[in-house]
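**Student:** To start, I am sharing the structure in question, which I have written as structure tokens.
2 protein chains.
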Amino acid sequence: MTDNQTNPESFKWVGKRVKRIDGPEKVTGELKYMTDYHFDNMVWGKVLQSEYPHAKINHIDTEEAKKLPGVICVLTHKDIPGFNGFGIVVPDQPVLCSKVVRCTGDAVALVAAETLEIAEQALSLIKVDYEPLEVVADAELAMTPSAPRLHPDGNIHSQVIIKNGDTEKAFQEADIIVENTFYSPRQMHAFIETEGGWGVMDEEGFITIRCPGQYAYRDRMQIARSLAYNPERIRVISSPIGGAFGGKDEITVQIYLALLAMHTNGRPVKIHYSREESVIAGIKRHPFKVQMKTAAKSDGTLLANEVRAVGDTGAYASLGGAVIALAIEHSCGPYKIPNVDLEGFCVYTNNGIAGAFRGFGVNQVCMGIETHMDMIAEKLGVDPIELRKKNVYHQGEVSSVGHVVKSSVGTFKTLETAENCDLWRNREKYKTEVSEPWKKRGVSLATSFHGIGMGIGLPDYGAASIELLQDGKFLVGVGCEEIGGGNSTVYAQVAAEILNCDISNIHVVQGDTSRTLDGGTVTASRSTYTGGRAVATAAPNMVKLLTQTAAEMLNLPASKVTINTNYISAEGKKLTYQSIYQYLFDNRKTTRVEGHFYLPKEKEGIEGSGGAPHHLYGYLTHVVMVEVDTLTGETDVLRVVSIPDAGKVMNPQGLEGQTEGGAVMGIGYTLFEDILIEDGYHKTRNFTDYIIPTIRETPLIETFPVEEAEATGPFGAKGIGEVVMIPIIAAIMSAIHDATGARIYHLPATPERVFNALKSLKNKKTQSAR
Amino acid sequence: MTDNQTNPESFKWVGKRVKRIDGPEKVTGELKYMTDYHFDNMVWGKVLQSEYPHAKINHIDTEEAKKLPGVICVLTHKDIPGFNGFGIVVPDQPVLCSKVVRCTGDAVALVAAETLEIAEQALSLIKVDYEPLEVVADAELAMTPSAPRLHPDGNIHSQVIIKNGDTEKAFQEADIIVENTFYSPRQMHAFIETEGGWGVMDEEGFITIRCPGQYAYRDRMQIARSLAYNPERIRVISSPIGGAFGGKDEITVQIYLALLAMHTNGRPVKIHYSREESVIAGIKRHPFKVQMKTAAKSDGTLLANEVRAVGDTGAYASLGGAVIALAIEHSCGPYKIPNVDLEGFCVYTNNGIAGAFRGFGVNQVCMGIETHMDMIAEKLGVDPIELRKKNVYHQGEVSSVGHVVKSSVGTFKTLETAENCDLWRNREKYKTEVSEPWKKRGVSLATSFHGIGMGIGLPDYGAASIELLQDGKFLVGVGCEEIGGGNSTVYAQVAAEILNCDISNIHVVQGDTSRTLDGGTVTASRSTYTGGRAVATAAPNMVKLLTQTAAEMLNLPASKVTINTNYISAEGKKLTYQSIYQYLFDNRKTTRVEGHFYLPKEKEGIEGSGGAPHHLYGYLTHVVMVEVDTLTGETDVLRVVSIPDAGKVMNPQGLEGQTEGGAVMGIGYTLFEDILIEDGYHKTRNFTDYIIPTIRETPLIETFPVEEAEATGPFGAKGIGEVVMIPIIAAIMSAIHDATGARIYHLPATPERVFNALKSLKNKKTQSAR
């Protein structure tokens, strides 16, 4: 680390409120997303989705469709040159189904045609002879021996078990035990840009795929596997992206585009899903059933936690196994519970497909443990913040899953900040200010955490390049895509800081297998941390290149050379960056440097945990105020305080973007959102009946970051992308209870569910009064 | 294709007896193989192999070993940053075993030390607490329910089934049925250079592995997976190789080298297996049990074939599944049998590890079908060549596995050539010329075929680069390694032919992820075909670059420019290649072109076949004469005629190298070679008791190629590397029968087995005489 990476006082860019470098062209609409492209010679691709959630395919007849004028090609599984499957962990999802369909999102055939209308008509002419099979609609039933087997190894895709201490003994010795079952919804990513993109093959057989994705290099690998094609002959451009949130981590339409591009005689082919197609084919958040039993002593010390979580991954694994593993790793919250017995199942059903989504399984378990923390505090009559402060682990202590947490831990500080914030301190006053007499207000809080980066044993590296350009500016290349989170601005800040230049001199290119190095995926809250560190490793190499070149040009020792904004000086002489570029160019020397970074990992994994522990976690506490309409059951979130520990904050404005976006997404998850699937068929297919929060539902959100600098991060930064939406879920559930006395165990907390909870509460009170 | 690729008359290099370009430095010993390297600061790596063929590991204690002075590191499974497994198809083999060992070739720990002696001593100080488990020593027993399960999904790694027609009916209607069980040995590759190489990590974390292998890019992928490391930061150099024959297709010590290199503070680490270590850890040819039942009509028309083949893959899959699949695809020979019922199993046992080996499963089934052809001919009293000619499929006909063979088919012509060769025509005379009165001679023949390239659905591409060098010569880069087969000379010939230059102007670089493009693996007889086509695709691009540049330099249209040996001319003006290089360099233009090629594939795969059919096959007929010592059972092969159809012969001298080497390897397989394993322990561990043919056992081998030009191949070439060793096996078995009347069904045909066969023949005759 150079000096300017360690002395915050001297920072010019890092930690400042820097305007997003991609902001202007995005807000003006100037930026072309990849699905915005049109070409004169373009053809349209369409995907035939399955008619049934579970059926045998006896025959596919494409003859009529092929005959339709304007149709360029009709492809089925027989046209796949390579492996007919994809999936980040296990490639169990067919590119095009051959013998069986397992969900209505399954693709059966592809069409390319002169117009979208012809392509659609061609789809209707493909005759598929299906033989419907029994539908597996419930994850618990899927695990019973009598359920139809959806995959050769049965319906349990993966199982995760973590045990520590002696839970049986602990429950015997406990003073308080709370036990509940929680149900969580199938949330949709609801990105603005649905899945799409375009592909083209040039006359030499080089294939270019432009398709929003979260890991261009891995997408390329999956394409190459299905095409049995040399990956070096495929270019994947995956950025910019009109929203992803995990929903574009897995392959979406990349392989379809590549397959079609092989059959369109060099013409570009475009696919762009309608919202309905997107809802049906796209992955969702895993709905969970979580049974939890938590024990504490009368002094509030947590004694034991027992968890059984079942996640419905739908027809294919995608990242389901990893989601369950992360859920189990985080199922006890950021606490030190000495006795735990945790078990998770990732289960196949015919309910669409579930995969990666912001929070990645932690949302579903946080609502359990934090509700239990609340119930224990209530039973003991202690302050919920005090109870948490008593039980949180600190840096160097052993977590509930049994490993010593060596990286920075901010929970305690976030709780202290919560305690001192206006909303919490004056909560009793605010609660009285109801808007109508039949409405009730509650203020509550919850805390959570989220692993940053991949777990143990998984590749986790950052890579960046910096190139000096002819105009004296710098091109920073990072594999990690800009999926809207603002990492491009962070990379520019890091580069500008170390290169000692104005941020306008930094251009950033991301997500392009031909222009950026392989730097891993944009998930797991890792892109600021890993990409930032990679840029921070590359930049000093550029400084060295500039200094040494200037020294050579001036015939002076490098130690005499100083890097200034826009020029280099030594003993009164000045050199512009343009002149340094020209010198390097004339002398045929490289103008490009690289930086590489490998995430530190724990030495030993937790057996059976499927990737735990992480080396690094981000922490966050949410305080919320809700108002519940006791006549309708409707809940409004009126105020949110978000207190993240993301390590050093690179860009307060960017952090606020994340905390605000995350809070709103958490509100949607808790109160409104659920993709309903009945017998394998999607009942919810568009925003007409999938309600997400709009500006009307967006409350005042305040952000008070706690900066627990992480020694291994760039300038001390960790990650933030996921934890911002997690504790708010439990906080809202708890605030509803604070307002009304009713507990919600099944999300979303729709007016109907809240109303019913209020009703049964009333009945209970009436009964106990008798 | 340019004109000089299609008119054989004008060829200057292709089809000529060109001296191997790698010959001089190999025969003089000047070439350094990778295990020959030594460095001053080098450290030695050693691998701790398992003490037991099957055992639980309770604990591994490395403390004492670590304390030994001179020890640099001791690593176990806990030190693997990524995925603890490797394997080309299924990564089921642990890099370092953690809980269980499944064969004595399993690696349990790694050591690096200042000297080899210290490393060896350190190994002896590692205490592994094993709990021996029941050993699965037999593949048939492994498939029974009571056998211990070696892998989670049971002991059957894969099953292949191909069915066509109605065998039951065919057997009822047959005039002749022969039915036998064949057993084949566990052959060793017996390459001169045992597994080894070295690895080093530089101060920036870039890892270089120099280790003989058959696919540098795939080795890199497997290393990266286990190291959880960015593959772009790993360079694998895999060529030159002191022999491979398939035995270096799978990972050997590459991952160990990379792991150790991470712990030696930048010092290079070298591993080089002793022959014993190589025998125990290295893969072998799958021993097979083949049950075969073949039916024919009285006119010799083949009616049906039923095959059940069981291959013992040992403890891990490696390419076992593919070997079984290829065996089944080829189990009916190059014939058109309308009714077949073929089934193959690849089974796990504790008998070492089996994988890729020249012939790749076809050897083991060819001995069955060809022995049956012989027996049918004998029963019908027809000429064995006539019987074969009657049943072979021709180009455009349907093979026994039921696909139309569209590529060139040379079997019929090879049989005709056999019929007309001296050995066959004068066989009766030669048979009388026995060296001793108690010796008997037999002459016989067999024919076979072998798929070229990967089967359907697998990636199969060639890629080559050609660079104009400063001295006016050309550097041809091909990913495919020179494993001794002579492909480097073929690449040079192709380039020299199209570039119209002397072959001494061509340098070839192979097998280096930093210097060559990904062009697939050197297996499946594919490297001449795919690499050759890639060079033949790159070379015209270089011609174009030279012509256009010269035209630009001379300010003339490109059509006026002529490429001559060593210079370019146009309208009386001459330009040297050096001057063209200089012009390109000065103008900052590329001096490098690429060529890419994708193998044509069949449109539809055969269901359940695991990769069949291939698009392309090579064919070969062997005629052999043997002399059997009736007193000792010893068999000498006295003469071999090898009649390959490898398409256009690129280099007759190279082809002869292959046919001669293949024949000798076939002789060793048939008569001598077998790695004996009892209860999981290797009884054969070195050349002291593993006998391979020497020059003494090498007979006169004549090669009469039949050139059935393949339209898709470079200049019409196909492949040759594997089929050269296949039919000779059955031909020798048949010649022993011709000489003595005794049939051998269990290889190797050791003196003991032949003697016993003669004895039981005598008993039988005596009995029938009574």
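Going down the list, the sequences are from chains A and B.
Start counting the first sequence at 1; every next residue gets the next number (UniProt numbering).
Start counting the second sequence at 1; every next residue gets the next number (UniProt numbering).
Heads up, the beta-carbon is just placed ideally off N, CA and C, and yes, glycines get one too.
Step through the CB atoms of chain A and report whether any lies within less than 8 Å of the CB of B/PHE245.
**Tutor:** On the second sequence, position 245 is the one that residue 245 of chain B refers to. It does not; no Cβ of chain A falls within 8 Å.
**Student:** Is any non-hydrogen atom of the ligand MG found closer than 7 Å to the C-beta of B/ALA539, if you look at the structure I gave you?
**Tutor:** Absence of the ligand MG from the depicted structure is noted, as is the absence of any ligand whatsoever, leaving it without description.
**Student:** Does the Cβ-Cβ distance between A/GLY82 and A/ARG186 come in under 8 Å?
**Tutor:** Reading the first sequence from its first residue, position 82 is the one you call residue 82 of chain A. Reading the first sequence from its first residue, position 186 is the one you call residue 186 of chain A. Result no, Cβ atoms of A/GLY82 and A/ARG186 do not sit closer than 8 Å.
**Student:** Spatial neighbours of B/ASN4 within its chain, please: C-beta separation below 7 Å, excluding the five flanking residues on both sides.
**Tutor:** Residue mapping note: residue 4 of chain B aligns to position 4 of the second sequence, counting from 1. Caution is warranted here: a pLDDT of 43 is assigned to B/ASN4, below 50, making its placement in the model unreliable, and the coordinate value is therefore given only provisionally. Taken in chain order, the residues that qualify are SER10, GLU497, ILE498.
**Student:** Identify whether A/ASN339 lies in helix, strand or coil by the three-state DSSP scheme.
**Tutor:** Walking along the first sequence from the start, residue 339 of chain A turns up at place 339. Reduced to three states, the DSSP call for A/ASN339 is strand.
**Student:** Whole angstroms is fine: what's the gap from B/ARG544's alpha carbon to A/ILE223's?
**Tutor:** On the second sequence, position 544 is the one that residue 544 of chain B refers to. On the first sequence, position 223 is the one that residue 223 of chain A refers to. Note on residue identity: the sequence assigns Lys, not Arg, to residue 544 of chain B. For B/LYS544 and A/ILE223, the distance between alpha carbons rounds to 32 Å.
**Student:** Using the C-alpha atoms, what's the distance from A/PRO240 back to A/LYS26?
**Tutor:** Indexing the first sequence from 1 puts residue 26 of chain A at position 26. Indexing the first sequence from 1 puts residue 240 of chain A at position 240. Rounded to whole angstroms, A/LYS26 to A/PRO240 spans 10 Å at the Cα level.
**Student:** Using the Cβ count rule (16 or more neighbours within 10 Å means buried), how would you classify A/ILE695?
**Tutor:** For this step, residue 695 of chain A is matched to residue 695 along the first sequence. So A/ILE695 ends up on the exposed side.
**Student:** Leaving aside the five residues before and after B/MET1 along the sequence, list all residues of the same chain whose C-beta is less than 7 Å from its C-beta, in chain order.
**Tutor:** Locating residue 1 of chain B in the second sequence gives position 1, counting from the first residue. Only weak support is given to the placement of B/MET1: the predicted model assigns it a pLDDT of 39, under 50, and the value that follows is read from those uncertain coordinates. Contacts found: none.
**Student:** Give the range of the beta strand (DSSP E) segment to which B/LYS431 is assigned.
**Tutor:** As a working note, residue 431 of chain B is residue 431 in the second sequence. Note, B/LYS431: premise wrong, no beta strand (DSSP E); alpha helix (DSSP H) at 427-432.
**Student:** Would A/PHE83 count as contacting chain E if we go by Cβ distances under 8 Å?
**Tutor:** The displayed structure is made up of protein chains A and B, and chain E is not among them.
**Student:** With C-beta atoms as the reference, is B/THR750 less than 8 Å away from B/VAL279?
**Tutor:** Your numbering for residue 750 of chain B matches position 750 in the second sequence. Your numbering for residue 279 of chain B matches position 279 in the second sequence. No. Outside cutoff.
**Student:** Quick one: what's A/GLU678 bridged to in DSSP?
**Tutor:** Locating residue 678 of chain A in the first sequence gives position 678, where the first residue counts as 1. A/TYR681.
**Student:** Here's the rule: buried if 16 or more other CB atoms are within 10 angstroms of the residue's CB, otherwise exposed. What is B/TRP424?
**Tutor:** Along the second sequence, read from residue 1 onward, the residue named residue 424 of chain B stands at position 424. Burial call: buried.
**Student:** Quick check on the DSSP output: the beta strand (DSSP E) that includes B/SER278 runs from which residue to which?
**Tutor:** On the second sequence, position 278 is the one that residue 278 of chain B refers to. B/SER278 -> not in any beta strand (DSSP E); alpha helix (DSSP H) instead, spanning 275-281.
**Student:** Can a CB atom of chain A be found closer than 8 Å to the CB of B/ARG515?
**Tutor:** In the second sequence, counting from the first residue as 1, residue 515 of chain B sits at position 515. Not closer than 8 Å to any Cβ of chain A, the Cβ of B/ARG515 fails to qualify, so no.
**Student:** Is there a C-beta anywhere in chain B that falls below 8 Å from the one on A/LEU545?
**Tutor:** For the purposes of this step, residue 545 of chain A is identified with residue 545 of the first sequence, where counting begins at 1. For A/LEU545, the answer is no, since every Cβ of chain B falls outside 8 Å of its Cβ.
**Student:** Would you kindly work out how many angstroms separate the C-alpha atoms of A/ASN391 and A/ALA325, rounded to a whole number?
**Tutor:** Position 391 of the first sequence, counted from the start, is the residue given in the question as residue 391 of chain A. Position 325 of the first sequence, counted from the start, is the residue given in the question as residue 325 of chain A. Taking the straight line joining both Cα atoms gives about 23 Å.
**Student:** Counting contacts by CB-CB distance shorter than 8 Å, is B/ARG233 in contact with chain A?
**Tutor:** One-based indexing of the second sequence puts residue 233 of chain B at position 233. It does; some Cβ of chain A falls within 8 Å.
**Student:** Considering only the alpha carbon of each residue, which of A/GLU702, A/THR632, A/LYS336 lies closest to A/GLN653?
**Tutor:** As a first step, residue 653 of chain A must be located in the first sequence, where it is residue number 653. Nearest C-alpha to A/GLN653: A/GLU702.
**Student:** Please tell me whether B/ALA463 has its Cβ less than 8 Å away from any Cβ of chain A.
**Tutor:** Taking the first residue of the second sequence as 1, we reach residue 463 of chain B at position 463. Taking Cβ atoms only, chain A reaches closer than 8 Å to B/ALA463, which makes this a yes.
**Student:** Please say whether B/ILE88 and B/SER318 have beta carbons closer to each other than 8 Å?
**Tutor:** Within the second sequence, numbered from 1, the residue matching residue 318 of chain B stands at position 318. Within the second sequence, numbered from 1, the residue matching residue 88 of chain B stands at position 88. For B/SER318 and B/ILE88, yes; Cβs fall inside 8 Å.
**Student:** Consider the Cβ of B/LYS601: report whether some Cβ of chain A lies at a distance smaller than 8 Å.
**Tutor:** Position 601 of the second sequence, counting from 1, holds the residue named residue 601 of chain B. Chain A, which has a Cβ nearer than 8 Å to the Cβ of B/LYS601, makes this yes.
**Student:** If contacts are defined as beta-carbon pairs under 8 Å, then A/ASP644 and A/THR659 qualify, I think. What distance do you get, rounded to the angstrom?
**Tutor:** For the purposes of this step, residue 644 of chain A is identified with residue 644 of the first sequence, where counting begins at 1. For the purposes of this step, residue 659 of chain A is identified with residue 659 of the first sequence, where counting begins at 1. According to the sequence shown, residue 644 of chain A is Pro rather than Asp. Confirmed, about 6 Å.
**Student:** CB B/THR349 to CB B/ALA142, shorter than 8 Å?
**Tutor:** In the second sequence, counting from the first residue as 1, residue 349 of chain B sits at position 349. In the second sequence, counting from the first residue as 1, residue 142 of chain B sits at position 142. The answer is yes: Cβ separation under 8 Å.
**Student:** Please name the residues in the region 443-469 of chain A whose beta-carbon is closer than 7 Å to at least one beta-carbon of chain B, in chain order.
**Tutor:** For the region 443-469 of chain A, which is checked against every Cβ of chain B, the residues closer than 7 Å are GLY457, LEU458, PRO459, ASP460, TYR461, ALA463.
**Student:** Please name the residue or residues paired with A/HIS507 in a DSSP beta bridge.
**Tutor:** By 1-based counting over the first sequence, the position of residue 507 of chain A is 507. A/LEU475.
**Student:** Is A/HIS737 buried or exposed, if buried means 16 or more other CB atoms sit within 10 Å of its CB?
**Tutor:** As a first step, residue 737 of chain A must be located in the first sequence, where it is residue number 737. Under this definition A/HIS737 is a buried residue.
**Student:** Taking 8 Å as the cut-off, decide whether the C-beta atoms of A/GLU467 and A/GLN510 are in contact.
**Tutor:** Taking the first residue of the first sequence as 1, we reach residue 467 of chain A at position 467. Taking the first residue of the first sequence as 1, we reach residue 510 of chain A at position 510. It is not a contact, given that the beta carbons lie outside the stated cut-off.
**Student:** Comparing the C-beta of residue 771 of chain B with each C-beta of chain A, is any distance below 8 Å?
**Tutor:** Residue numbering for chain B in the displayed model covers 1 to 770; residue 771 of chain B lies beyond these limits and cannot be assessed.
**Student:** Per DSSP, which residues does A/ILE353 bridge with? Please list them.
**Tutor:** If you number the first sequence from 1, residue 353 of chain A lands on position 353. A/ILE353 pairs with A/GLY314.
**Student:** Once DSSP output is grouped into helix, strand and coil, what is the label at B/LEU303?
**Tutor:** Position 303 of the second sequence, counting from 1, holds the residue named residue 303 of chain B. DSSP places B/LEU303 in strand when its eight states are reduced to three.
**Student:** Do you know offhand how far A/LEU758's Cα is from A/VAL724's?
**Tutor:** Mapped onto the first sequence, residue 758 of chain A falls at position 758. Mapped onto the first sequence, residue 724 of chain A falls at position 724. About 29 Å.
**Student:** Any C-beta of chain B sitting closer than 8 Å to the C-beta of A/ALA495?
**Tutor:** Position 495 of the first sequence, counted from the start, is the residue given in the question as residue 495 of chain A. It does not: the Cβ of A/ALA495 has no partner Cβ on chain B nearer than 8 Å.
**Student:** What is the DSSP secondary structure of B/TYR37, reduced to helix, strand or coil?
**Tutor:** Position 37 of the second sequence holds residue 37 of chain B. Coil at B/TYR37, not helix or strand.
**Student:** Listing by chain order, which chain B residues have their CB less than 8 Å from the CB of A/LYS163?
**Tutor:** Here residue 163 of chain A refers to the residue found at position 163 when the first sequence is read from its first residue. The premise fails here: A/LYS163 is roughly 17 Å from chain B at the closest Cβ pair, so nothing lies under 8 Å.
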